[in-house]
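First up is the structure itself, then whatever we jot down about it.
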Amino acid sequence: MSLKTTLATGLVMTALLAPAAFAKTMVYCSEGSPEGFDPALFTTGTTFNASSQAVYNRLVEFDGATTATKPALAESWEVSEDGLEYTFKLREGVKFQSNDAFTPSRDFNADDVIFTFDRQRDEANPYFTYEGGSWEYFNSMSMSDLITEIVKVDDYTVKFVLSRPEAPMIANLAMDFASIVSKEYADAMLEAGTPEMLNQAPIGTGPFSFVAYQKDAVIRYAANPDYWAGASPLDNLVFAITTDASVRYQKMKAGECHLMSYPNPADVAAMQEDADLVVQEQEGLNVGYLAYNTKVAPFDNVNVRRALNMAVDKQAILDVVFQGAGSIAKNPIPPAMWSYNDAVEDDAYDPEAAKQMLADAGVSDLSMKIWAMPVQRPYNPNARRMAELMQEDLGKIGVSVEIVSYEWGEYLERAKAEDRDGAVLLGWTGDNGDPDNFLAVLLGCDAVGNANRAQWCNEDFDALVQKAKVTADQAERTKLYEEAQLIFKDQAPWSTIAHSVTFTPMRKEVQGYEMSPLGSVRFYGVDLAE
Numbered sequence: 077m078s079l080k081t082t083l084a085t086g087l088v089m090t091a092l093l094a095p096a097a098f099a100k101t102m103v104y105c106s107e108g109s110p111e112g113f114d115p116a117l118f119t120t121g122t123t124f125n126a127s128s129q130a131v132y133n134r135l136v137e138f139d140g141a142t143t144a145t146k147p148a149l150a151e152s153w154e155v156s157e158d159g160l161e162y163t164f165k166l167r168e169g170v171k172f173q174s175n176d177a178f179t180p181s182r183d184f185n186a187d188d189v190i191f192t193f194d195r196q197r198d199e200a201n202p203y204f205t206y207e208g209g210s211w212e213y214f215n216s217m218s219m220s221d222l223i224t225e226i227v228k229v230d231d232y233t234v235k236f237v238l239s240r241p242e243a244p245m246i247a248n249l250a251m252d253f254a255s256i257v258s259k260e261y262a263d264a265m266l267e268a269g270t271p272e273m274l275n276q277a278p279i280g281t282g283p284f285s286f287v288a289y290q291k292d293a294v295i296r297y298a299a300n301p302d303y304w305a306g307a308s309p310l311d312n313l314v315f316a317i318t319t320d321a322s323v324r325y326q327k328m329k330a331g332e333c334h335l336m337s338y339p340n341p342a343d344v345a346a347m348q349e350d351a352d353l354v355v356q357e358q359e360g361l362n363v364g365y366l367a368y369n370t371k372v373a374p375f376d377n378v379n380v381r382r383a384l385n386m387a388v389d390k391q392a393i394l395d396v397v398f399q400g401a402g403s404i405a406k407n408p409i410p411p412a413m414w415s416y417n418d419a420v421e422d423d424a425y426d427p428e429a430a431k432q433m434l435a436d437a438g439v440s441d442l443s444m445k446i447w448a449m450p451v452q453r454p455y456n457p458n459a460r461r462m463a464e465l466m467q468e469d470l471g472k473i474g475v476s477v478e479i480v481s482y483e484w485g486e487y488l489e490r491a492k493a494e495d496r497d498g499a500v501l502l503g504w505t506g507d508n509g510d511p512d513n514f515l516a517v518l519l520g521c522d523a524v525g526n527a528n529r530a531q532w533c534n535e536d537f538d539a540l541v542q543k544a545k546v547t548a549d550q551a552e553r554t555k556l557y558e559e560a561q562l563i564f565k566d567q568a569p570w571s572t573i574a575h576s577v578t579f580t581p582m583r584k585e586v587q588g589y590e591m592s593p594l595g596s597v598r599f600y601g602v603d604l605a606e
């Protein structure tokens, strides 16, 4: 069934899509609203799919269904022998998009690269504090300490000068936060007194141009006819924001969308049997976890954390929440990632031992909060149900649990607070295929108050991770990461829950879509059968 004439999913969508109703339009039933459209400001896949993957490019990018990098806005690059200088030769003739408020007067060049990163690291940059300016990825990855200078060699050559070698540097620059924005557009909006437009009306060099956004309803894009890699086979792209997975499924069956995000695990078998649908699947490069606040008593006591971990029946969670589509997690990185330490022993499920451990720690009548995510993710298909199972398990050892939640953006922001109460359910899908993206970004000392929601800074762990950053030899890095995982397990800043299998259901007329191991949803190169 073609979607060319079946786009009515409400009055708002009908109004927005009416001009393109007979064009080749791809409709994606997405799970939530983006926090904004400037990817450097945020950390969630929902936002990245709606911004960086559609509208922007990076100097280097990941190659389709793998974690290998390839040239993008940089045609090539060279690394100095000491690993401290990365020189990028930029692609010429790349056009920025335009909108009603801005038409570019020049092509992409070195000024845009320098501005993109300077606004995240230079307090004197007028955009450093715009829209709250937390730059969470940039700071959690220690980029402000790493990059000492970005030199404009000429209009199409830039050189990054580093304070130390950085083994995952190229992979890091392929991540969403490193999407290149237009300095000319930023300057124009600053002069107009509307700098927030960079986050509300994005302009990039990517395959699709932003057209309109109706909050919590629909995002509309048009194919960029001047895209440097060739125009998309699609004329239009629509994100139909549909928070309920069951409703997304019904819309896809009815032909109101071509592809949907995050199906309910219980629905996958029926999808696989539907002749009108195709279901792609792969082992997710992810982990779901419960992060304690290790700065707040009694969770600053490792024995309390370990006791709580021993009280949770993770197999039951895997059976009920994931419907068996995954595996129990014992490490903070997934089994498919290099350096995974399979020798680590997981916490045993032992409620009686957990109760005794709490008593030995002098903790009784403990009351705590568990934060349940308001959104569905592959690493946590139903956080409310997971929290309820944990509440029941912890109740058996005398721990009273209150389940709380917030709107997704508020949830993420509140969870960063170093005095946050309770333990927060979260997870992570790898951004670049490197263990550093989990171990440093989520658990490093520099990430406390940002992506490190456990607020955990362990000097021995951090020293290993920092040493691995500057080590070029992967075998040596593997040894360091394996040792770091042992420290993590011993100190238990998280309860590691599960690694999931990920599924992407779509209608059979979708052609050329590839799942990314990094969880990105990318529509460039996708077509629809007539």
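Residue numbers (the working numbering): 77 to 606. All C-beta atoms, glycine included, are put in the ideal place defined by N, C-alpha and C. Since the model is a prediction, treat every value here as computed from it, not as a measurement.
Along the beta strand (DSSP E) that carries residue i, what are the first and last residues, could you check?
{"i": "Leu502", "result": "Ala499 to Thr505"}
{"i": "Leu366", "result": "Asn362 to Ala367"}
{"i": "Leu160", "result": "Leu160 -> no beta strand (DSSP E), and no H or E assigned at all."}
{"i": "Arg296", "result": "Val294 to Ala299"}
{"i": "Ile404", "result": "Gly402 to Ile404"}
{"i": "Tyr289", "result": "Phe284 to Gln290"}
{"i": "Ser218", "result": "Unbroken run through Ser218: none, as it is neither H nor E."}
{"i": "Lys327", "result": "From DSSP, Lys327 is part of no beta strand (DSSP E) but of the alpha helix (DSSP H) over Ala321 to Lys329."}
{"i": "Glu585", "result": "Counting along the chain, Glu585 falls outside any beta strand (DSSP E), and DSSP gives it neither H nor E."}
Going by C-alpha distance, which of the options is nearest residue i?
{"i": "Ala401", "options": "Arg296, Tyr206, Pro341 and Pro147", "result": "Pro341"}
{"i": "Ser113", "options": "Tyr297, Asp441, Asp566 and Thr578", "result": "The residue you asked about is not Ser; residue 113 is Phe in the sequence shown. Comparing Cα-Cα distances from Phe113 to each of Tyr297, Asp441, Asp566 and Thr578, the minimum goes to Tyr297."}
{"i": "Ala448", "options": "Val477, Lys431 and Glu428", "result": "Val477"}
{"i": "Lys100", "options": "Thr554, Pro309 and Asp302", "result": "Pro309"}
{"i": "Thr281", "options": "Pro411, Phe184 and Gly269", "result": "Phe184"}
{"i": "Thr224", "options": "Trp211, Gly208, Ile190 and Tyr232", "result": "Ile190"}
{"i": "Phe236", "options": "Glu272, Ile279, Leu160 and Ala305", "result": "Leu160"}
{"i": "Leu594", "options": "Pro410, Arg460 and Leu465", "result": "Pro410"}
{"i": "Ala141", "options": "Pro115, Gln356, Ile256 and Asp343", "result": "Gln356"}
{"i": "Asp674", "options": "Phe164, Ala574 and Ala144", "result": "Only positions 77 to 606 of the chain appear in this structure, which leaves residue 674 out of reach."}
{"i": "Glu272", "options": "Tyr206, Pro457 and Ala307", "result": "Tyr206"}
{"i": "Glu151", "options": "Ala544, Glu157, Asn133 and Asn417", "result": "Asn133"}
{"i": "Lys492", "options": "Arg529, Val517 and Gly498", "result": "Arg529"}
{"i": "Cys533", "options": "His575, Thr370, Val380 and Ile393", "result": "Thr370"}
{"i": "Val131", "options": "Leu604, Val602, Arg598 and Glu606", "result": "Arg598"}
{"i": "Arg240", "options": "Ala548, Ser403 and Asp603", "result": "Ala548"}
{"i": "Trp504", "options": "Ser220, Leu515 and Glu494", "result": "Leu515"}
{"i": "Phe172", "options": "Ala144, Thr123, Ala392 and Asp188", "result": "Asp188"}
{"i": "Gly501", "options": "Gly520, Gln467 and Asp522", "result": "One detail in the question is off: residue 501 reads as Leu in this sequence, not Gly. Ranking the options by Cα distance to Leu501, first place goes to Gln467."}
{"i": "Met102", "options": "Cys333, Pro110 and Ala463", "result": "Cys333"}
{"i": "Ala367", "options": "Val439, Glu157, Ala288 and Met444", "result": "Met444"}
Since residue i is in the alpha helix (DSSP H), which residue starts that stretch and which ends it?
{"i": "Asn175", "result": "Counting along the chain, Asn175 falls outside any alpha helix (DSSP H), and DSSP gives it neither H nor E."}
{"i": "Val475", "result": "No alpha helix (DSSP H) contains Val475, which DSSP labels as neither H nor E."}
{"i": "Ile190", "result": "Ala186 to Arg197"}
{"i": "Ile563", "result": "Gln550 to Gln567"}
{"i": "Asp484", "result": "Reading off the sequence, residue 484 comes out as Trp, not Asp. Note, Trp484: alpha helix (DSSP H), Trp484 to Ala491."}
{"i": "Ile393", "result": "Lys390 to Val396"}
{"i": "Val541", "result": "Glu535 to Lys545"}
{"i": "Val131", "result": "Ser128 to Val131"}
{"i": "Met630", "result": "The chain is shown only over 77 to 606; residue 630 falls outside these bounds and no answer can be derived."}
{"i": "Ile446", "result": "Looking at the DSSP string, Ile446 is not in any alpha helix (DSSP H); the run it does join, the beta strand (DSSP E), is Ser443 to Trp447."}
{"i": "Met386", "result": "Val378 to Ala387"}
{"i": "Ala351", "result": "Per DSSP, Ala351 belongs to no alpha helix (DSSP H) and is neither H nor E."}
{"i": "Met245", "result": "Met245 to Leu249"}
{"i": "Met265", "result": "Lys259 to Glu267"}
{"i": "Ala116", "result": "Ala116 -> no alpha helix (DSSP H), and no H or E assigned at all."}
Considering only DSSP beta bridges, list what residue i is partnered with.
{"i": "Glu225", "result": "Val237"}
{"i": "Thr572", "result": "Tyr365"}
{"i": "Met102", "result": "Leu313"}
{"i": "Ser152", "result": "Lys165"}
{"i": "Phe579", "result": "Glu357"}
{"i": "Glu137", "result": "Lys146"}
{"i": "Met336", "result": "Cys105"}
Return the Cβ separation of residue i and residue j in integer angstroms, given the expectation that the two are a contact with Cβ distance under 8 Å.
{"i": "Val451", "j": "Gly108", "result": "5 Å"}
{"i": "Asn362", "j": "Pro454", "result": "6 Å"}
{"i": "Glu609", "j": "Asn417", "result": "Within the shown structure, residues of the chain are numbered from 77 to 606, placing residue 609 beyond reach of any answer."}
{"i": "Phe579", "j": "Val234", "result": "Going by Cβ atoms, the distance from Phe579 to Val234 rounds to 40 Å, so no, they are not a contact pair."}
{"i": "Asn456", "j": "Gly364", "result": "5 Å"}
{"i": "Ala148", "j": "Leu135", "result": "6 Å"}
Contact between the region 237-253 and the region 121-136: three or more CB pairs below 8 Å? With three or more CB-CB distances shorter than 8 Å, the region 237-253 counts as touching the region 121-136.
Within the chosen definition, does the region 483-493 reach the region 338-356 through at least 3 CB pairs nearer than 8 Å? Counting Cβ pairs under 8 Å, fewer than three are found: no touch.
When you compare the region 556-567 with the region 254-268, are there three or more beta-carbon pairs, one atom per stretch, that lie closer than 8 Å? As far as the Cβ criterion goes, the region 556-567 does not touch the region 254-268, which means the pair count is below three.
Would you call the region 374-393 and the region 539-550 in contact, with 3 or more CB pairs under 8 Å? Below 8 Å, too few C-beta pairs join the region 374-393 and the region 539-550 to call them touching: fewer than three.
Does the pairing of the region 385-399 with the region 461-476 give three or more beta-carbon distances under 8 Å? Judged by Cβ distances under 8 Å, the region 385-399 makes contact with the region 461-476, as three or more pairs qualify.
Answer yes if the region 418-438 comes into contact with the region 586-593, meaning at least three C-beta pairs across the two stretches below 8 Å, and no otherwise. Too few Cβ pairs lie closer than 8 Å, so no.
Do three or more CB pairs link the region 192-201 to the region 277-294 at distances below 8 Å? Contact fails: fewer than three Cβ-Cβ distances are below 8 Å.
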